[in-house]
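Visitor: Got a structure here, written out as structure tokens. Questions coming.
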Amino acid sequence: SYTVLPGKLYRLDSIAYLNFTKANDSIIRRNYHKRTLFKGDPFSVINLDAERTRLHNLFRNSGYFYHKPEYITFRADTIQRQGFVQLQVVPSPQMPSIAQKKFYLGNTTIQLYNESDYRLTDTLNRRDFTLHYKKDKKGKAPLRLGAMRRNFFYRKGMPYHQDIMSFVQEQLSGMDVFSSVNLKYAPRDTTDNNDTLDIIVAATLDKPYDGEFTTKVTSKSNGQVGPGLSFSLAKRNAFRGAEKLKFEVH
């Protein structure tokens, strides 16, 4: 048998956010009501991790593309008041300067690959969007640019926003015309003055047809029982607008 002695419970006393840049401090103050650390709560590593994640997501949703959770650290003082912790939330001294820089979204490049041919021979430009593709047998893009653009819930010049870009990824995947979709971000240039991230969307079209053959036992109202057969055929991207055309035969 084992005897576990948890020791004395420490509770949070003062909680201070220190040494953040003026811009980051403003973000923290605007969202202070959403904090996970409160005076009087038990001192808990789980709560500290939750607060670190919350702050990290706030910064990532405010343009700080290169921010990481480990760039937020804690300092705890248990000497000032017995049984209580004076907590300081501070940025890590190892945080690089690029993680403290705000980035904005630039142009979007879409690389539209065919499942059987990864060559991109043609280009279409529309304002802030560029589509690279290979023409189909009719000499057109296999998927209309507009069909994809309606899923881009951002605009050029807005700060990078982690949640919005994750939603864009989900929406593109949910179009049901791609076997894979990946969003990448490329700095406009490598100078220290750069604050622009261009978006690169690499999408591979899925196979155009899906077929399904089903067998089952059916019964009629007169009590007769017999085999039932059905076949369905679906065509993805039937009219180059991410439509799905389905036929069923019973």
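Anchor point for the sequence shown: position 201 equals 1220 in our numbering, and the numbering is continuous, going up by one each time.
Virtual Cβ for every residue (Gly too), placed ideally from N, Cα, C.
Since the structure is predicted, the reported quantities are computational estimates derived from the model, not experimental observations.
1) Please confirm whether Y1083 and S1111 have their CB atoms less than 7 Å apart.
2) Measuring straight from C-alpha to C-alpha, what distance separates R1174 and R1030?
3) Identify the continuous beta strand (DSSP E) that holds V1104 and give its terminal residues.
4) Could you tell me which uninterrupted beta strand (DSSP E) segments, each at least 3 residues in length, are contained entirely in the region 1024-1080, listed from first to last along the chain?
5) Identify the residues that DSSP records as bridge partners of L1142: which are they?
6) Could you tell me whether the Cβ atoms of A1042 and H1086 are closer together than 7 Å?
7) With G1165 as the anchor, note down where its alpha helix (DSSP H) starts and where it stops.
8) The alpha helix (DSSP H) that contains Q1181, what's its start and end?
9) Would you mind sorting V1104 into buried or exposed? The rule is 16 or more other CB atoms within 10 Å of its CB.
10) So, with DSSP's three-state summary, where would you put S1270?
11) Which whole-angstrom value is the C-beta distance of G1176 and L1124, which I expect to be below 8 Å?
12) Hey, could you find the ends of the beta strand (DSSP E) K1203 is sitting in?
13) Who are the near neighbours of V1109 in its chain, counting only those whose CB is closer than 7 Å to its CB and skipping five residues on each side?
14) Alpha carbon to alpha carbon, how far is N1170 from S1192? Give it in angstroms, no decimals.
15) Give me the DSSP bridge partner(s) of T1287.
Guide: Taking the coordinates as given:
1) No, the pair does not count as a contact, with Cβ atoms beyond the cut-off.
2) As the crow flies, the alpha-carbon of R1174 is around 45 Å from that of R1030.
3) Its beta strand (DSSP E) spans residues 1103-1110.
4) Listed in chain order, they are 1030-1036.
5) The question names Leu, but residue 1142 is Thr in the sequence shown. DSSP links T1142 through a beta bridge to H1151.
6) It is not a contact, given that the beta carbons lie outside the stated cut-off.
7) Looking at the DSSP string, the run of the alpha helix (DSSP H) that includes G1165 is 1164-1168.
8) Note, Q1181: alpha helix (DSSP H), 1181-1192.
9) Sixteen is the threshold: when 16 or more other Cβ atoms of the shown chains lie within 10 Å of the Cβ of V1104, as they do, the residue is buried.
10) Nothing in the structure corresponds to residue 1270, since the chain is present only between 1020 and 1269.
11) About 7 Å; that satisfies the 8 Å criterion.
12) Under the DSSP assignment, K1203 falls in the beta strand (DSSP E) whose first and last residues are 1197-1206.
13) L1037, N1038, T1092, R1094.
14) Per the coordinates, the alpha-carbon of S1192 lies some 10 Å from the alpha-carbon of N1170.
15) Not covered by the structure: residue 1287. The range shown for the chain is 1020 to 1269.
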